[in-house]
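Under the working numbering, the residue at position 69 of the sequence shown is numbered 605, and the numbers go up by one with no gaps. The next block holds one structure in the form of structure tokens; read it before the comments.
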Amino acid sequence: MSSVRDVLRRRDYAVIGQIIEPRSKVLDLGCGDGTLLAWLMENKQCDGRGVEIDSTLVQQAIARGASVYQGDLLESLSDYPDGTFDYVILSQTLQQVDHPRTVLREMLRVGRRMVVGFPNFGYWRIRLAFLFGGCAPKSRMFPFEWYESPNIHVLTVEDFELLVHRENWSVERRIFLAGAHEVKSFGNLLAEVAVYVVTR
């Protein structure tokens with residue numbers, strides 16, 4: 537079981553938990569140990585499925601009561617017919633996938649809405665660290681050295697907005713976070729994490 541405390545530890549999870557409507561059909565991609573998915577199933581009576589590549593995390597998710605299987609995101613998405621889910625979630629994983637645009641397109645094929653959360657590498661602290669330190673960017677949420685980082689695509693709020701525009705998608709909601717606080721303006725500069733709800 538996932539407690540409210542588990543979900544609130546990650547502010548992006550708390551935001552996503554508020555976004556998802558009760559009794560929705562949800563697919564959580566890169567669901568980790570199933571914290572968010574199990575919480576949605578228990579507290580919002582969602583019909584949830586999860587995909588995770590790490591077998592240890594899959595076992596932890598199943599122990600929480602979540603319906604999760606081990607697999608590659610793109611391959612897993614191809615198994616589902618159009619419009620299978622109300623929401624497809626990808627939180628803190630977009631920057632780690634090999635083909636992010638293809639994954640996003642598939643998310644909108646199998647789901648009515650996609651909820652995407654990602655670290656904003658346009659965040660002012662990262663800009664300053666890069667400017668004055670001259671090293672690969674790091675943040676409080678992703679403190680990895682470049683040679684250990686799971687992040688293979690470094691994106692910003694502005695980068696994501698440009699992709700949404702190019703694909704002719706629609707943004708239903710934008711939530712920008714800096715620590716535990718919501719940022720109301722200048723998201724590309726002031727947000728540490730961005731969460732988007734996007735439709736076709």
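The beta-carbon is built from N, C-alpha and C at its ideal position, and this holds for glycine as well.
Asked: Nearest-angstrom beta carbon gap, Ile555 and Val729 [assumed within contact, 8 Å]; Found: That pair is no contact at about 14 Å.
Asked: Range covered by the alpha helix (DSSP H) that runs through Arg546; Found: Segment: none, Arg546 is in no alpha helix (DSSP H) and carries neither H nor E.
Asked: Reference Ala597; option with closest CA among Glu684, Asp564 and Arg649; Found: Asp564
Asked: Meets three-Cβ-pair contact criterion under 8 Å: the region 633-646 and the region 658-675; Found: no
Asked: Sequence-distant residues of the same chain with beta carbon closer than 6 Å to Val719, five excluded per side; Found: Phe712, Leu726 and Ala727
Asked: 4-residue-minimum alpha helix (DSSP H) runs that sit fully inside the region 581-655, ordered along the chain; Found: 591-599, 609-614 and 636-646
Asked: Run of the alpha helix (DSSP H) containing Leu691, from where it starts to where it stops; Found: Careful: Leu691 lies outside any alpha helix (DSSP H) and carries neither H nor E.
Asked: Length of the line joining the Cα atoms of Arg702 and Tyr616; Found: 25 Å
Asked: Heavy atom of the ligand GDP within 8 Å of Phe696 beta-carbon; Found: Among the ligands in the structure shown, none appear at all, so the ligand GDP cannot be discussed.
Asked: Inter-residue Cα distance where the pair is His717 and Gly723; Found: 12 Å
Asked: N- and C-terminal bounds of the beta strand (DSSP E) containing Glu718; Found: His717 to Val719
Asked: Beta-carbon proximity check, Arg736 vs Asn687, cutoff 9 Å; Found: no
Asked: Whole-angstrom distance between Leu644 and Arg709, CA atom to CA atom; Found: 15 Å
Asked: Where Asp695 falls: helix, strand or coil (DSSP); Found: helix
Asked: DSSP three-state assignment for Arg702, whether helix, strand or coil; Found: helix
Asked: Sub-9 Å separation of Leu751 and Gly553 beta-carbons; Found: For residue 751 there is no data in the structure shown, the boundaries of the chain being 537 and 736.
Asked: Assigned secondary structure, Ala730 (DSSP; H/G/I helix, E/B strand, else coil); Found: strand
Asked: Inter-residue spacing [alpha-carbon to alpha-carbon] between Arg649 and Phe621; Found: 8 Å
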